[in-house]
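K.L.:
Structure provided below as structure tokens; questions to follow.
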Amino acid sequence: MIKERILIGIPGLDEMIGGGLIKGSTTAIIGTYGTGKTTFALQFLFEGLINGENCIYISLEESEENIYEKITDRGWDLEKYKDKSLFVIKLDPTDFNLSINSIKNDLPDLIKSVDAKRVVIDPISLFEGLFDDQSTRRREMFRFIEMMSNLDCTLLLTSETEQNNNYSSRYGLVEYLSDTVIVLMYIRPSDLSEVHTALEVVKMRRSNHSREIKPYEIQEDKVNVYSEASVF
Ligand SMILES: Nc1ncnc2c1ncn2[C@@H]1O[C@H](COP(=O)(O)OP(=O)(O)O)[C@@H](O)[C@H]1O
Ligand SMILES: [Mg+2]
């Protein structure tokens, strides 16, 4: 079967993953706070928007206003897309029934009704945290990702890391359930000079990908991944 690819919209990173994500796949972006998960997720949606795709952004952390501000800060024409091709939905991560119902039932219906091609849940770790035991969480996440993989959209999930482990998501599930896993991390040089950010494509099913750790920088209007540079 031909693997159709879609760009994330971050050139150096698209290059590292062999020309983009596989259409219809699930990707996890794992990183501690401030590493750029939300920015990467927005960049992924923007790439879809400029190509005329409908996009859904489910926020469990930041308010809709914050997300809209982040979009305009990046110089993107929000009014052109807002509620036309970009649907931003804030869920309350403390409201168990509402949030679960929204993600398990309403989201699939919305994806179908607007024919969304790109969907972000940021961060999925707050959704996972709604389940109070690991076996329920594992079962629900497995079902959710399986259900999403049957829809005609490409899914991007973000997750906080488990404390002190850059490579493990908060609940240790999404990295197994996703087709592609990208880890964002801080690199603190031993001489305590400036902190750098770097990323690694840890896993990509059905695809060849770079295994190197590459530096990246978040700029006002774009993300630069220096795929030619080396962090060490
Ligand atoms: N418009 C911008 N201009 C410059 N730097 C930015 C901009 N937006 C975000 N950043 C930088 O990116 C960092 C990560 O932001 P964010 O994507 O919200 O991280 P996360 O979702 O992982 O917590 C911010 O702390 C800031 O340093
Ligand atoms: Mg964020």
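So the sequence shown is numbered by this note's numbering: it starts at 89 and just counts up by one.
We treat Cβ as the ideally placed atom computed from N, Cα and C, and that holds for glycine.
1. Would you say E153 touches ligand 1, meaning its beta carbon is less than 8 angstroms from a heavy atom?
2. Three or more beta-carbon pairs under 8 angstroms between the region 129-149 and the region 260-270, yes or no?
3. Taking the Cβ atom as the reference point for each residue, do V283 and M229 lie within a distance shorter than 9 angstroms?
4. With a CB to CB cut of under 8 angstroms and the five nearest residues on each side skipped, what residues in its chain are close to I191?
5. So is Y255 buried or exposed if we call it buried at 16+ other beta carbons inside 10 Å?
6. Which one or two residues does DSSP pair with T268 in a beta bridge?
7. When you compare only the Cα positions, how much space is there between G122 and N185?
8. Less than 8 angstroms between the CB of L272 and some heavy atom of ligand 1, yes or no?
9. Among residues of its own chain, excluding the 5 on either side of I177, which ones have a beta-carbon nearer than 6 angstroms to its beta-carbon?
10. Near L272, what residues of its chain come up, given a Cβ to Cβ distance below 6 angstroms and the 5 sequence neighbours on each side ignored?
11. According to DSSP, simplified to helix, strand and coil, what is T123?
12. At 4 residues or longer, and completely inside the region 160-238: list those alpha helix (DSSP H) runs for me, N to C.
13. Counting Cβ pairs closer than 8 angstroms, one from the region 102-116 and one from the region 167-176, do we hit at least three?
14. CB of D161 to nearest heavy atom of ligand 2: below 8 angstroms?
15. Given a threshold of 16 other Cβ atoms within 10 Å of its Cβ, counted over all protein chains shown, does I90 qualify as buried or as exposed?
16. What's the C-alpha gap between R258 and T249?
17. Do R276 and V289 have their beta-carbon atoms positioned less than 9 angstroms apart in this structure?
P.N.:
Inspection of the coordinates gives the following:
1. no
2. no
3. no
4. I146, L179, I209, F215, F232
5. Under this definition Y255 is an exposed residue.
6. T115, M292
7. Cα to Cα, the separation comes out at about 29 angstroms.
8. yes
9. I146
10. Result list for L272: G119, T123, G124, L287, in chain order.
11. coil
12. 166-169, 184-189, 195-202, 212-216, 222-237
13. No, the region 102-116 does not touch the region 167-176.
14. no
15. exposed
16. 5 angstroms
17. no
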